[in-house]
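Q: Quick note on my numbering: the sequence shown kicks off at -2 and runs consecutively.
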Amino acid sequence: MRSSLAAFDHVVHERYEEERTQHITLPHTHRGMGGRVTAWSGSEVAAKRAAMLLAVLRVLLAASLAVSSAGADDGCGGVLTSRAGTIQTPGFPRPFDVPVSCRWVVDSSSVPEETTIVVYLTQLFVTSGLRFTEYTYYEPESSFQLNPRLIYEVTEDDVITTKWVLTRTRYFVIEFNLERLEGNHLRVLDDLLDVYGFNITYEMRTEPSTSAASPELRNDSCSVLTCSLAGNCYVSEDYS
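#1: With distances taken from CA atoms, which of F129, S125 and R146 is nearest V304?
#2: Quick check: the region 84 to 93 against the region 135 to 143, are at least 3 beta-carbon pairs closer than 8 Å?
#3: Pull up the DSSP beta-bridge partners for C99, would you.
#4: Check whether the region 173 to 185 and the region 105 to 114 touch, using three or more Cβ-Cβ pairs below 8 Å as the test.
#5: Where does I157 fall in DSSP's three states?
#6: Leaving aside the five residues before and after T124 along the sequence, list all residues of the same chain whose C-beta is less than 8 Å from its C-beta, in chain order.
#7: At which residues does the beta strand (DSSP E) containing R184 begin and terminate?
#8: What are the residues that DSSP puts in a beta bridge with L77?
#9: Distance, Cα to Cα, D191 vs E176?
#10: Give me the residue from K160, T166, T159 and L189 with the minimum Cα distance to N144.
#11: May I ask you to list the residues that DSSP assigns as paired with Y134?
#12: Below 8 Å on the Cβ atoms is my contact criterion, and I expect Y132 with V76 to pass it. Report the Cβ-Cβ distance as a whole number of Å.
Shown next as structure tokens:
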């Protein structure tokens, strides 16, 4: 962020010096009915306004960089274009700051083949606040989205029975919003007492699937339930 601000300061300084040297005009004084009056030329006023505007832009840039830096450091959200990967809460499995609001966009638009996006709920310990929505088109940097459809929302009733969720659209958006940690996590006596959030796995599968009801998916994926509620699930480094 410092380098960006330094570069911006350099531009501001060059712009101000350009205005000052090109349009510098000493104020001229004349006498009027009320005494001495000092007047500045229009170009001098324009240069001062330009300098003030650039100073304001610098403040806005600093604020924007600070927000971007904070978002990049906590690892909460982003656009995912790799064929496979993990999605997790900041600092998993440790506690995270609340309130929290994260959005991950699994984007398979660059994959030439027909693709099914599958998210395996491997280490899912939250019981609320997690939603999966499919889109036929989604622009993360704007509000332009097409045909949203909610696929799944985590609840206390199905957190340990749902092993995976999928979409055949090009964009799968995972949103996580939580106001407090207490009362929103799976807890089992002698196990899962100090784990928070989730660590789930996604992949883009190009082989054909039969139907949404019975897709040709992995049968070797694990979940909290299949781990006997111990919460330890493992995956190979390349997610194969």
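Every residue, glycine too, gets a C-beta built ideally from N, C-alpha and C.
A: So, from the listed chains and residues:
#1: As displayed, the chain neither begins before -2 nor continues past 237, which places residue 304 out of reach and without an answer.
#2: no
#3: F173
#4: no
#5: coil
#6: V151, T152, E153, V156, N181, H182 and L183
#7: Careful: R184 lies outside any beta strand (DSSP E) and carries neither H nor E.
#8: V103
#9: 18 Å
#10: T166
#11: L143
#12: The pair is not a contact, with the Cβ atoms about 13 Å apart (cut-off 8 Å).
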